[in-house]
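Numbering (the numbering used here), first residue to last: 23 to 590. Have a look at the structure below, then the notes.
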């Protein structure tokens, strides 16, 4: 453990912010993920960022700075070199006369401060900030970012690009690793920027007269770049080579993958290329292992939902299903269950298409239809591998659901996903896939419906006035409506968020298969009746779970309406 970590642990334990065990676990996780300890502590819910910063600042007598609300001097690049900032992990804030104020996360390092004074030939005055905030501020101050990509494009000549596009059938020309090639530089800049901004997807879309590059952040797409139309073919070819695709094939969809190493982290990319009217559209899914939270407590579930989920995944056998649209966090919730129940005494086997994240100690089987390794075929083999827990990436057909159901009835815990809107409609979906009502009621332990809801930025969210009648119409009680304090996004946002939102949390609806619910299913009662019975037994619906978070100020009412259907 470093000197900084030892002093930090001493400060936080003295202030009662975290336990010794929680801190040591955070250090181990931080080293594994190549992230800061404070970021891990905040991510796991062990402490709040403001509390950590306040304790550190008070202990050492330095001014704490929230870098989300501080804009570094725009001329800092001239008097504080980028290499110096990144080398020492400090962000220059201002220079008055011969005095430079810098934000740093390790104010105990007096040697570093002395070194900065020597290298800048100035009086350096440190202020304290959290490590992840300093990194973000350095990136905002120096890039590379959208501005750098714009500068990159300004130096390109259409004649050069046209030559590349014309010769794009030649693998030799396009695959050249000459970093000066415009397409290579552009793709590298876009990929790196997307990772830095924690985007989940990159969309590269050709139109008649332009190419549009968009990032998906917190579930929403935003445009970041518009390269010249002449670059379209070269960009696609470059990505195809990285993903091991056939660059000569432009009429059929292709899938591939590649891996990059950024700041010590291995990050996987899944690539899909689809022919469209004006060329080929490329979508890159970013799979960053360090963003995967395997702590159930960190997902943001309501206490009742978390209790239901924990009870189900700790059962010796039965089926747990999670439903929701693509990109609603179903895989993360399933992986978190594995993280909770994983032990040397349990044999866990997964079958996925594809394996998104690799989990140590779990046997993960990739689906490969070309080699006749379908979900159903893999499941049959898995059942001969003496499993305790089986995770099926997705149940897509009758054969798979029949095998999964039999496995759940014969002593195995089966975890999987389906695409339906809510918990109750999953029952109908299973019956439509060929199961009878008795098999559904006998095999299923729990059905969860999930969505991801954007969190309001804690730095710039604004209080809003909402009539009590509106809250009551959305499902709040009269008492809740009276005391609710609601917030909305700051439309301009601040330096640390995107138009008032930063990050997402999971909203979960859990329907436990109690005896009354099982009886209603066997009797083929209407879904509305089953849903009302579940609510009577304490089920928290998607709408209510999202609304409760809005009334706590965690999200906005607009976001509640966006991600949930009306009704209960």
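Don't be surprised by glycine CBs; every beta carbon is placed ideally from N, CA and C.
In this structure the region 264-277 does not touch the region 350-368; the number of beta carbon pairs closer than 8 Å is below three.
Residue burial is scored here from C-beta neighbours: residue 383 has fewer than 16 other C-beta atoms within 10 angstroms and is therefore classed as exposed. Taking each of 300, 216 and 442 in turn and checking the Cα distance to residue 255, the smallest one comes out for 300. Burial state of residue 335 is buried, judged by a 10 Å Cβ sphere holding 16 or more other Cβ atoms. The region 489-499 and the region 521-537 do not touch, with fewer than 3 CB-CB distances between them shorter than 8 Å.
Counted as a single uninterrupted DSSP element, the beta strand (DSSP E) harbouring residue 523 occupies residues 523-534. Under the rule that a run must span 4 or more residues, the alpha helix (DSSP H) segments found entirely inside the region 452-520 read 459-465, 490-495 and 500-505. Per the C-alpha coordinates, the member of 253, 220 and 221 positioned closest to residue 228 is 253. With 16 or more other Cβ atoms from the protein chains shown falling within 10 Å of its own Cβ, residue 94 counts as buried. When DSSP states are grouped into helix, strand and coil, residue 319 belongs to the helix group. Each of 401, 29 and 66 was checked against the Cα of residue 47, and the nearest Cα belongs to 66.
Apart from sequence neighbours up to five positions away, the residues of its chain that approach residue 408 with a beta-carbon distance below 7 Å are 369, ordered along the chain. Boundaries cannot be given for residue 576, as no beta strand (DSSP E) includes it and DSSP labels it neither H nor E. Scanning 234, 226, 283 and 288 for the CA closest to the CA of residue 261 turns up 226.
Collapsing the DSSP output to three states places residue 224 in a strand. Non-local beta-carbon contacts of residue 339 in its own chain, meaning distances under 7 Å to residues more than five positions away in sequence, involve 430, 433, 434 and 435 in chain order. By the 16-neighbour rule on beta-carbons within 10 angstroms, residue 140 is exposed. Excluding the 5 residues flanking it on each side, residue 31 has same chain C-beta neighbours closer than 6 Å at 45, in chain order. Residue 204: member of the alpha helix (DSSP H) spanning 204-218, first to last residue. In the DSSP secondary-structure assignment, residue 435 is bridged to 340 and 411. Residue 243 and residue 585 have their C-alpha atoms roughly 15 Å apart. In the DSSP assignment, the residues bridged to residue 371 are 385 and 412. Cα atoms of residue 410 and residue 463: separation of roughly 21 Å, rounded to the nearest angstrom. In the three-state reduction of the DSSP assignment, residue 241 falls in the coil class. Cβ contact annotation for residue 578 (same chain, cutoff 7 Å, sequence separation greater than five): 478, 509, 510, 511 and 572, in chain order. The DSSP assignment places complete alpha helix (DSSP H) segments of no fewer than 4 residues inside the region 113-174 at 132-142 and 153-164, in order along the chain.
Cα atoms of residue 206 and residue 213: separation of roughly 11 Å, rounded to the nearest angstrom.
Counting of Cβ neighbours within 10 angstroms places residue 146 among the buried residues, the total reaching 16 or more. Boundaries of the alpha helix (DSSP H) around residue 32: 25-36. Apart from the 5 residues on each side of it in sequence, residue 475 sits with its Cβ closer than 7 Å to the Cβ of 526, 527, 529, 568, 571, 577, 581 and 585 in its chain, given in chain order. Within the same chain, Cβ atoms closer than 7 Å to the Cβ of residue 465 are found at 340, 341, 427, 430 and 431, the five residues on either side in sequence being excluded. DSSP places residue 417 outside both helix and strand once states are collapsed to three, so it counts as coil. In the DSSP assignment, residue 229 falls outside any alpha helix (DSSP H), carrying neither H nor E. Assigned with DSSP and collapsed to three states, residue 304 falls in strand. Straight-line spacing of the CA atoms in residue 555 and residue 468 works out to 15 Å. With contact defined as three or more Cβ pairs closer than 8 Å, the region 142-157 and the region 77-94 are in contact.
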